[in-house]
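Data block below; observations after.
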Amino acid sequence: MTTGLSAGLGLKPRHYEEAFAAPADGLWFEVHPENYMVDGGPRLAWLETIRSRHPLSLHGVGMSLAAAAEPDPDHLRRLAGLVDRVLPALVSEHLAWSSWRGAYRPDLLPFPRTREALQRVVDNVDRVQRALRRQIAIENPSHYLRIDGHEFDEIAFLTELARRSGCRLLLDVNNVFVSARNLGFAPEAYIDAFPAHLIAEVHLAGHSPDPALGKALLIDSHDAPVAPAVWSLYERLIARAGPRPTLIERDDNLPSFAALQLERRRAVAVLRAPGREAA
Amino acid sequence: MTPTGTPSPSPLAAFQDAFAAALAVPEGAGGGGLPGHPDLAGLVAQPGFAVYRNTVMKGCVDALQANYPSIAGLVGEAWFRAAAVVHARAHPPLRPTLLDYGAGFAEFLAAFEPARELPYLPDVARLDRCWTEAHVARDEVPVAAAMLARLEPADLARTVLRPHASARWAWFDDQPIRSIWQRSREVAQGEAVAGDVNADLRWCGEGVLIVRPEAAVRWVPLQRADCAFLDVCAAGGTLAAAAGAALAVDAQADLSALIARLLDAGAFGQLELSTDQFQEPP
Amino acid sequence: MMNRNALAVTAFALSALAAGAAMAADNKDKGMDKKGVAEMEKCYGVALAGKNDCAAGPGTTCAGTSKADYQGNAWKQVAKGTCTTIKTPKGMGSLQPIKS
């Protein structure tokens, strides 16, 4: 599948005007659809304005696919409305849960990867894809806890999820690095084992050491440039898998748009390195 | 928690019940008694559990602060964030769209003992909520004054002006809520320098219209008669009825200035002619 | 909320409304309500400057944090908000500490 997307940036309101004016050289923008599920107003107007020049990706944080419950029909309906409105090039969500028994917890919560959980997520992804009438990609979250009772490792779980639901995968390289440090596995092995043919999108972001525990606990804080070790893993991935639409995520300590463009160009350079075949 | 009498939850549901309950327990509040799942004590004991607990709480607090900047400015960030934690424990978000979060914060503040000496806080919070509602409301082209000006007097009497989709208005009998809110909001939005909010404060009733006729939310001071007028418009009443309601609360109300003020603000979204025959008053 | 009193509405009231509508239409012609365009630009400009006006709102992000920067018991002094300058008819109100 060729999307024509090169490297993209997370879209922040502070950068709306520069984002709109930026050269359309394969640049694309990603937003959390939850911030645009509104009836009208300047946010939606800006999103549509930017969409008129650049492709968009909707990256959901609230569908709670791994909850032992169906997705909230109202939330799904609003997502479908936004998808119809902006016709995004990519739609994605997380392998996590957040809404449970009527309350939403603004985080991506972990769970034991059991056969029961797999069936749940398969069913929920299927519901979302039917409602949106399109494929979505599912992202590997960052991990902070050792959980007993996993029946699958994460790659096996995601691969089986994609096989049974027809979804694709979003590989967050920074999340792999953070999880590898926190749980004690080799990030290179994870990157090498990830099924390349299922990758619809790649995420890169910065992390930070825990203020109390230091490097013993890394936080997926999105408040810093992409770390050198994460760039290395990314180059390793692209060398094996070929170019994939790649997003630089930044949510906190927001730098100038120019600084983000500079970081993005580094990803573009990796994607364009000689010998890389189009996906 | 599963209500008694229903089938016991699946292992995944039991895990989520227990994890959600553990998230809600403040750090250091004692570890005992986590319900439902035997493995959970081992998770809560890991340093990484605090990442989830803090991220959830910080998300709630950040969202409330973004939605209530005037309150945060009035009470200061430290007090606001401490109050927001108490609020989040009692009223977690119901939906992932955090723009909606904190709809009941005014009522929370009204009953919040540590804020008892600041009686204006709940109503100021209501205006922050109105701002958010106006900000995200359906887009609508406001009724142009020229449309109304062209109508014959008889038609004017049976005209119904529907308030703009984004229009929110309120009258406060006892306190200068608009002045307090406006000053704090403008400082929060970087439109005014911080200073003595009390400097130009006359302690009397005030009204306000918050509306977004185009891209930007704007606010206009209203008189009591204006609010009564808009209330009738919102209920689908004719201009005759609305004018009557305005004069009922203020016999001296200047109706020309009133309608001009509302039209200038973009307060109306639809103009209809009522099919009800206009009744001459007895 | 709604006042349903069938109060006498005089021809005077209606002509006052008509005059007001004409006045507002006139304002529009004279460009006195140019706020529309000006405010839109300002609104967009404010978004650019990163102020929390028309765009920022609460960020829903998938980033994590371990910082416990919200502990109520860290509250020591009367908070430095502008409420400290507001004098009500009952005097200066103050905030009480929050035990969380």
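Protein sequences, first through last, are from chains A, B and C.
Counting from 1355, one number per residue, gives the positions in the first sequence under the working numbering.
Counting from -19, one number per residue, gives the positions in the second sequence under the working numbering.
Counting from 42, one number per residue, gives the positions in the third sequence under the working numbering.
Glycine included, C-beta positions come from ideal geometry on N, C-alpha and C.
Beta-bridge pairing of residue i - partner residues as DSSP gives them
i	result
B/Arg142	B/Gln250
B/Val191	B/Arg198
A/Gly1556	Sequence check: residue 1556 of chain A is Val here, not Gly. DSSP lists A/Leu1525, A/Thr1600 as partners of A/Val1556.
A/Pro1563	A/Leu1572
C/Lys128	C/Met133
B/Trp149	B/Leu189
A/Ile1492	A/Glu1447, A/Leu1523
A/Ala1361	A/Thr1600
A/Glu1384	A/Gly1364, A/Ser1411
Cβ-based burial, residue i [other Cβ within 10 Å; buried from 16]
i	result
A/Asn1607	exposed
B/Asp184	As written in the sequence, residue 184 of chain B is Cys, which differs from the Asp given in the question. Counting Cβ neighbours within 10 Å, B/Cys184 comes out exposed, since fewer than 16 surround it.
B/Ser50	buried
A/Phe1511	buried
B/Val121	exposed
A/Lys1366	buried
C/Gly133	Inspection of the sequence shows that residue 133 of chain C is occupied by Met rather than by Gly. It counts as exposed.
A/Gln1615	buried
A/Lys1569	exposed
A/Arg1643	With chain A represented from 1355 up to 1633, any question about residue 1643 of chain A goes unanswered, as that position is not in the structure.
A/His1551	exposed
B/Gln169	buried
A/Trp1451	buried
C/Asn114	For C/Asn114, the pLDDT reaches just 47, beneath the cut-off of 50, and the residue's location in the model is therefore unreliable, leaving the point undetermined.
B/Glu252	exposed
A/Ala1613	exposed
A/Ala1378	exposed
A/Pro1460	buried
C/Phe53	exposed
B/Thr255	exposed
B/Lys38	buried
Simplified DSSP assignment, three categories, for residue i
i	result
A/Glu1603	strand
A/Ala1570	strand
A/Val1392	coil
B/Asp119	coil
A/Lys1366	coil
A/Asp1461	strand
B/Arg241	helix
B/Glu132	coil
A/Leu1412	strand
B/Ser164	helix
C/Lys83	With a pLDDT of only 48 at C/Lys83, under 50, the local geometry of the prediction cannot be trusted, and no value is derived from it.
A/Ser1453	strand
B/Arg75	coil
A/Arg1467	coil
A/Arg1620	helix
B/Thr218	coil
A/Arg1474	helix
C/Ile139	coil
B/Val36	helix
Closer than 8 Å to chain F by CB, residue i
i	result
B/Arg75	Here chain F cannot be found, since the structure's protein chains are A, B and C.
Check your understanding: How do the region 1382 to 1395 of chain A and the region 1407 to 1415 of chain A stand: do at least 3 beta-carbon pairs fall below 8 Å, yes or no?
Key -> yes
Check whether the region -14 to 4 of chain B touches the region 1466 to 1474 of chain A, taking contact to mean three or more Cβ pairs, one atom from each stretch, closer than 8 Å. yes
- Item | Selection of the region 1455 to 1469 of chain A by Cβ proximity to chain B, strictly under 9 Å | Arg1455, Gly1456, Ala1457, Tyr1458, Arg1459, Pro1460, Asp1461, Leu1462, Leu1463, Pro1464, Phe1465, Pro1466, Thr1468
Please list, in chain order, the residues of the region 121 to 132 of chain B that have any C-beta partner in chain C closer than 8 Å.
Ala124, Ala125, Ala126, Leu128, Ala129, Leu131
Using a Cβ-Cβ cut-off of less than 7 Å, list which residues of the region 1486 to 1499 of chain A approach chain B; keep chain order.
Tyr1498, Leu1499
Residues in the region 91 to 118 of chain B with C-beta within 7 Å of chain A's C-beta atoms, listed in sequence order?
-> His115, Val116, Ala117, Arg118
Original post:
In the region 218 to 237 of chain B, which residues sit with their C-beta less than 8 Å from some C-beta in chain C, listed in chain order?
Top reply: Leu219, Ala220, Ala221, Ala223, Gly224, Ala225, Leu227, Ala228, Val229, Asp234, Leu235, Ser236, Ala237
Review point. Do the region 137 to 155 of chain B and the region 107 to 115 of chain B meet, that is, are 3 or more Cβ pairs less than 8 Å apart?
Key: yes
- Item | Contacting positions in the region 1511 to 1544 of chain A - beta carbon closer than 8 Å to chain B | Asn1536
Closer than 8 Å is the cut-off here; do at least three beta carbon pairs connect the region 1592 to 1600 of chain A with the region 1617 to 1632 of chain A? yes
Worksheet item: Would you call the region 155 to 165 of chain B and the region 184 to 194 of chain B in contact, with 3 or more CB pairs under 8 Å?
Response: yes
Review point. Looking at chain B, which residues of the region 1554 to 1579 of chain A have a Cβ within less than 7 Å of any of its Cβ atoms?
Key: Leu1567, Leu1571, Ile1573
Report task. Taking 8 Å as the threshold, find out whether the region 125 to 136 of chain B comes into contact with the region 1415 to 1426 of chain A through three or more Cβ pairs. Result -> no
Inset, instruction - Take every Cβ of the region 242 to 251 of chain B, pair it with every Cβ of the region 90 to 97 of chain B, and state whether three or more of those distances are shorter than 8 Å. - result: no
Cβ-based contacts, 8 Å cut-off: residues of the region 179 to 193 of chain B near chain A
Arg192
Proximal residues, the region 148 to 165 of chain B versus chain A, C-beta separation under 9 Å: none
- Task: Output, in sequence order along the chain, the residues in the region 48 to 63 of chain B whose CB is closer than 7 Å to any CB in chain C.
- Result: Pro49, Gly53, Leu54, Val55, Gly56, Ala58, Trp59, Arg61, Ala62, Ala63
Notebook entry, point to check: What residues from the region 1396 to 1412 of chain A come within 7 Å of chain B, judged by C-beta to C-beta, listed N to C?
Noted result: Pro1396, Ala1399
Worksheet item: Is the region 230 to 249 of chain B in contact with the region 52 to 68 of chain C, if contact means three or more CB pairs nearer than 8 Å?
Response: yes
- request: Using a Cβ-Cβ cut-off of less than 7 Å, list which residues of the region -9 to 5 of chain B approach chain A; keep chain order.
  value: Pro(-9), Leu(-8), Ala(-7), Phe(-5), Gln(-4), Phe(-1), Ala0, Leu3
- Would you call the region 49 to 66 of chain B and the region 1481 to 1495 of chain A touching, i.e. three or more CB-CB distances under 8 Å? no
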